[in-house]
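Trainee:
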Amino acid sequence: MTAKVSLALAAIAGVLVAAVALGEMVVTRQGRPDRVTVLYWEKWTGSEGEEMRKVVDAFNRSQDRIFVHYLSISGVDSKTMLATAGGNPPDVAGLWGNNVTKFADANALTDLSQMATDAGLTSDYYIKGYWDMLVYRGGLWALPSTPATVAMHVNPDLVPAKYNTKETFPQTFEDLDKMVDEVTQQKDGKLLVAGFLPGEPGWWHWAWGYWFGGSVVDGDKITIDTPENLRAFQWIESYGKRFGNTAVQSFQSGFGNFSSPQDAFMTGKVASEEHGVYKANYIRIYNPKMHWFAVPFPHPADRKDLAGRSILDQDVLMIPRGAKHPKEAFEFIRFVQRQDVMEGLCSAHGKNSPLQKVSEAFFKNHPNKEIRLFDSLARNPQSFHVPKIGVYAQISDELTNVFQEISAGQKSAKQALKDAQTRLDTQWEVYKSQVLTK
Amino acid sequence: MKLSKPKVALTHVVLVVFSVCFFMPLLWMLSTAVKPIEETLKTPPIWIPSRLQWDNFPQAIAYHKEELGYLPFLVYARNTIIVTLLAVAGAVLSNAIVAYSFARINWKGKDFFFGVTLATMMIPFPVLMVPTFSLFRYLGWVGTFRPLWVPAFFASAFSIFLLRQFYRTIPMELSEAAKIDGCSEFRIFTDVIIPLSRPALTVVALFTFMGSWNDFLGPLIYLVDQNTFTLSLGLSAYQTQHGGTPWNLLMAASCLVILPVIGVFFVAQKAFIQGIATSGLK
Amino acid sequence: MNSKRDTRIGIVFALPWILGFTIFMLYPVISSFYYSFTNFSVLRSPKWIGGSNYNELMHDEVFIKTLKNTLYYAIGAVPLTTVVAIGLAMLLNTKVKGMALYRTMFFLPTLVPAVALGTLFSWVFNGDYGLLNQILTKLHLPAPNWMGDPSWAKWTLVLISIWGCGQAMIIYLAGLQDVPISLYEAAELDGARIVAKTKNVTLPMLSPVIVFNVIMSIIGAMQIFALPYVMFPGGAPARSTYFFSAYLFDNAFQYQRMGYASAMGWVMFMITLVLTLIALKISERHVHYEGG
């Protein structure tokens, strides 16, 4: 081995060692020696992430014992679950409200009941529907970060004059169907404009039955194959029947991403759309000049008691079991629950607030012009959230599949629901025997 | 095979048609990469943008940009380089040594073990996925780069196979002559075999490079913090951004991601083909 | 020749692989086999439940669907890519001008990351404004809704697999270059034209390489993951593009059923093995080895 070769090898070895060192540095938890470091994993990136980062910075500045380290993580729910299993979880995890039940069942969370009560964060501090999502089997498992509600967004330029105000827009599904028939235009079988499409945005397929007065879980049973759910999915089926499945699918395939200028609602391809309180954010960015207003999502004509409701959605903060600094983690979570902090965060995200008390300033300064509607929807006692059951993920996937099967004309609503019921019953039995029994 | 003139022409035509087909998606990628955002998703699609927005490239790399939501492209690139560098080094080193054992040293159990090695190529990754993940979790390596490059230092069946075939084409007399000169096995390895096996080693390096650079599943499972993402995973972060998918920037970023690979391939092409041919993969 | 010394040195040189094999192959294979008989939900230690997982798999509608989807894909993609790869390799082997350029062009798509490729092809195959349908409509051919129609979605992936044949093509090219010209000349003397030459000289000489590539292709097709993950999240529409590895991945990481996922992995392994053995058996009748 010549000297030149040896030198070359030494250089290569040096580069490799440097690479290893750099790699290690990149992934180490950055801690501070003078404070307790609380590791916070959150799903948000982009502007939403930035807003949360500001809250974290504010907390870090407000005291000198604790330093919260914010990390943006993709797939945060499964990664948190795995980290908890590995005994090395973050101290605070920013997950989705529908994760609570599954994580609680798996014994993956720290019960916050005591700490919350001591801090005065009890059920009357929050809007009932949101609080309800956080408690399960006698424990309090999370506290909110930002909530959301859902409403019907309408483009008045695309609907006939008799429907184009908040008061006159259809309030029942039957009236909505009439509007859709009048507004929808087809040429040579191709759809040009649709009055409404259940497939847009396609995020809440688990909820269709609920809108019609049903549910997917009743006590200890999964209730998919029920009259209300059937009615809901047959209503969905009717869209394919009226306009042709292929036409609808083809039309939808041309829609752009929901957060792009080519969004169906913003490009005038659909006159009305079911969407969340944050829709206004996208409108503001991609089509600020468009006319729009929001009304509660319709209800069946024979169920006036279901008027003015909404889906309740929520981002939450949890403390995984085995977190190194649960007390300090709770200090941070408590900070987020302060009315001014919470309102600031929710307003910056364009969402409503989960707190019972809300300030006038919140409404006045909120970027969403319809914020009062979204707030009132959250307070309606009939508003509903995801079912609190550990197999929610499977239920959601299954109902999405049902929706797609029906939209493709593959199965009738009745058949699709029956099949989903059978599958989910099995999954639930397995879950009960494998997870819920000790 | 010498062909007559019309046959040559026909061959050219077919090749050109196919090349265009193969290249078209990439052409589309390049075209989108220089478009302004409004023209990216137009129906019907536009091939030649109204103006060439070369600006998209530096924008795609930019960090701390409002619309992009903190997609630190350069950070992803750095991470990918670290991981790929280590993986390639590990692969070349370990496979060279191990294949040598199977090809040039006569030891008991060699054939049996080689057969086992071949069999492992058939094991689908999903079978190994869960326990390997558990293993790394137990070691505390999840969230670090280690699961992505450490295994490369332990050789892999495909490369062992490739190199072994190649080593066997080197005449045993060379080794024997060196032995008579009093060289240790290791000296023979470094002084005789390695210099002769450059094409094959290049192949191993190239395959490992490509595999590591574009690896998606590995980083998906093992990397946690966004700042540790590699390029292939980072590109998907462009997609799931809440603030909208900037398609032109995504394509610009993708162009940048494949550039190094194309470069390496183009340069190493000849050695590559030669390496595979002489390794007698038959 | 000191055989004992040779054995020692042999093992020393092979040590990285022996260790690697034990840690990264043997151990995972054995544990995954063990896990497949347990209920392993990550946060608890695995609980033995016997063959329950396998039993459940046999009745799992979604699993059977993913099995069918994966097999359809394999049956479509493997022959298609093999034919295209061999065809292109044969064309390139005629030593036309610009061979290096063509070679790079065909190989390029394999270098593109899955996300970019997926996004790209989502547009090309878009039912409304996609490139493919534009061409088809101009030619007055039916233009189905590739991305949105469950009966067609799978086939987009099969067609896309053609773009991935670059790697196999290069290997075939190398193999072709090893075919002795003398054989072609002999065939020509017998009056053979292209088809006959291909059938009687090229393919038989290439057969060991074909076997290798086909087997690798089968194994790869059975494990397809990245492209569907990007183009069709959740196996949409209606789970028509839901494949083995995706369902396994979801069970392991979304539903936290690692025991179930392991059982699935083993079933997949068995099926892949069977297919490979079938391929080998068929090849035994047709393959010609040039001196081993």
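Going down the list, the protein sequences come from chains A, B and C.
Start counting the first sequence at 1; every next residue gets the next number (the working numbering).
Start counting the second sequence at 1001; every next residue gets the next number (the working numbering).
Start counting the third sequence at 2001; every next residue gets the next number (the working numbering).
Note that beta-carbon positions come from the ideal geometry of N, C-alpha and C, so glycine has one too.
(1) Pick out whichever of B:MET1122, B:ALA1089 and B:PHE1102 has its Cα sitting closest to the Cα of C:VAL2274.
(2) What does the Cβ neighbour count give for B:GLY1069, buried or exposed, with the cut at 16 atoms within 10 Å?
(3) Check for me: the alpha helix (DSSP H) holding B:PRO1006 runs from which residue to which?
(4) Which residues bound the alpha helix (DSSP H) around A:ASP397?
(5) Could you check what DSSP says for A:ASP124 in three-state terms: helix, strand or coil?
(6) Excluding the 5 residues preceding and the 5 following A:ALA420 in the sequence, name in chain order all residues of the same chain whose CB lies nearer than 8 Å to its CB.
(7) Give the straight-line distance between the Cα atoms of B:LYS1108 and B:ALA1177, rounded to the nearest whole angstrom.
(8) Assuming the contact rule is C-beta atoms closer than 8 Å, C:TRP2146 and C:GLY2130 should be a hit. Round their C-beta distance to whole Å, please.
(9) Residues in the same chain with beta-carbon distance under 6 Å from C:THR2007, minus the five sequence neighbours each way, listed in chain order, please.
(10) Could you give the distance in angstroms between the alpha-carbon of B:ARG1146 and the alpha-carbon of C:TYR2034?
(11) Cβ atoms of C:LEU2159 and C:TYR2073: under 8 Å apart, would you say?
(12) Under three-state DSSP, which class holds A:PRO144?
(13) Taking DSSP as the reference, what is the three-state secondary structure of B:THR1240?
(14) Would you call B:VAL1298 buried or exposed, if buried means 16 or more other Cβ atoms sit within 10 Å of its Cβ?
(15) Is DSSP giving A:TRP204 helix, strand or coil here?
(16) Give a yes or no on whether the minimum CB-CB distance between C:MET2231 and chain B is below 8 Å.
(17) Run down chain A in chain order and give the residues with a C-beta less than 8 Å from the C-beta of B:ASN1095.
(18) Select from B:PRO1036, B:ALA1155 and B:VAL1020 the residue whose C-alpha is nearest the C-alpha of B:LEU1093.
(19) Could you tell me which chain C residues have their CB closer than 9 Å to the CB of A:ARG423, listed as they occur along the chain?
(20) What would DSSP say about B:TRP1047, mapped onto helix, strand or coil?
(21) May I ask which residues mark the beginning and end of the alpha helix (DSSP H) holding C:ILE2018?
(22) Taking only beta-carbon positions, decide if A:SER78 is within less than 8 Å of chain C.
(23) Which bits of chain B does A:ASN88 rub up against, with CB to CB less than 9 Å?
(24) Just checking my contact of A:GLY276 with A:ASP302 at CB under 8 Å: how many whole Å lie between their CB atoms?
(25) Which of the three DSSP states is assigned to A:PHE196 in this structure?
(26) Between the C-alpha atoms of A:GLY202 and A:TYR239, what's the straight-line distance to the nearest angstrom?
(27) Can you tell me the Cα-Cα spacing of A:SER74 and A:LYS43, whole angstroms?
(28) Report, in whole angstroms, the separation of the C-beta atoms of A:HIS385 and A:MET133, which I expect to be a contact under 8 Å.
(29) Applying the 10 Å Cβ sphere with the 16-neighbour rule, what's the burial state of B:GLN1241?
(30) For chain B, check one thing: does any of its Cβ atoms lie closer than 8 Å to the Cβ of A:LEU7?
(31) Expressed to the nearest angstrom, what Euclidean distance is found between the alpha-carbon atoms of C:LEU2120 and C:ILE2162?
(32) Can you pull the chain B residues whose beta carbon is under 7 Å from the beta carbon of A:THR165, in chain order?
(33) Could you check where the beta strand (DSSP E) with A:GLY94 kicks off and where it finishes?
(34) For chain B, is any of its Cβ atoms less than 8 Å away from the one on C:GLU2284?
(35) For A:GLN185, tell me which candidate among A:ASP34, A:ALA247, A:SER359 and A:GLY139 has the shortest Cα-Cα distance.
(36) Measure the alpha-carbon distance for C:GLY2020 versus B:ALA1157 and round it to whole angstroms.
Mentor: If we stick to the structure as given:
(1) Per the Cα distances, B:MET1122.
(2) Only weak support is given to the placement of B:GLY1069: the predicted model assigns it a pLDDT of 47, under 50, and the value that follows is read from those uncertain coordinates. The C-beta of B:GLY1069 has 16 or more other C-beta atoms within 10 Å across all chains shown, which makes the residue buried.
(3) Here the alpha helix (DSSP H) through B:PRO1006 covers 1005-1033.
(4) 392-407 is the span of the alpha helix (DSSP H), which, as asked, contains A:ASP397.
(5) A:ASP124 falls in the helix class under three-state DSSP.
(6) The residues are ILE224, ASP225, GLU398, LEU399, ASN401 and VAL402.
(7) Distance between the alpha carbons of B:LYS1108 and B:ALA1177: 23 Å.
(8) Indeed they touch by this definition, with Cβ atoms about 7 Å apart.
(9) Only residues of its own chain outside the window of five on either side were considered, and among them none has a CB closer than 6 Å to the CB of C:THR2007.
(10) Looking at the two C-alpha atoms, the distance is approximately 26 Å.
(11) Not in contact: C:TYR2073 and C:LEU2159 (Cβ atoms no closer than 8 Å).
(12) The answer is strand: DSSP assigns A:PRO144 an E or B state.
(13) Low confidence applies to B:THR1240: its pLDDT is 42, below 50, so where it sits in the model is not reliable enough to give any reading.
(14) Here chain B has residues from 1001 to 1282 only, and residue 1298 of chain B is not among them.
(15) Note: A:TRP204 maps to coil in three-state DSSP.
(16) Under the Cβ criterion of 8 Å, C:MET2231 is not counted among the residues facing chain B.
(17) Those do not exist, as B:ASN1095 stays about 16 Å from chain A at its closest Cβ, beyond 8 Å.
(18) Looking at the Cα atoms, B:ALA1155 is the closest of the given residues.
(19) Result: ASP2060, GLU2061 and VAL2062.
(20) Coil, per DSSP.
(21) Taken as a continuous stretch (DSSP letters only), the alpha helix (DSSP H) holding C:ILE2018 covers 2003-2020.
(22) Interface criterion met: the Cβ of A:SER78 is under 8 Å from a Cβ in chain C.
(23) What A:ASN88 touches in chain B: ARG1137, GLY1140, VAL1142 and GLY1143.
(24) The beta-carbon separation of A:GLY276 and A:ASP302, rounded to 27 Å, does not stay under the 8 Å limit for a contact.
(25) Here A:PHE196 sits in strand by DSSP.
(26) Here the alpha carbon of A:GLY202 sits roughly 14 Å from the alpha carbon of A:TYR239.
(27) Whole-angstrom Cα-Cα distance: 6 Å.
(28) Yes, they are in contact, since the Cβ atoms of A:HIS385 and A:MET133 sit about 5 Å apart, within 8 Å.
(29) For B:GLN1241, the pLDDT reaches just 38, beneath the cut-off of 50, and the residue's location in the model is therefore unreliable, although a value from the coordinates is still provided. With a threshold of 16 other beta carbon atoms within 10 Å, B:GLN1241 meets it and is buried.
(30) A:LEU7 does not count as touching chain B.
(31) Cα to Cα, the separation comes out at about 15 Å.
(32) Near A:THR165 there are no residues of chain B at all, since even the closest Cβ is about 30 Å away, more than 7 Å.
(33) From DSSP, the beta strand (DSSP E) with A:GLY94 extends over 92-96.
(34) At a cut-off of 8 Å between C-beta atoms, C:GLU2284 does not count as an interface residue with respect to chain B.
(35) Residue A:ALA247 holds the alpha-carbon nearest to the alpha-carbon of A:GLN185 among A:ASP34, A:ALA247, A:SER359 and A:GLY139.
(36) Those two C-alpha atoms are separated by around 10 Å.
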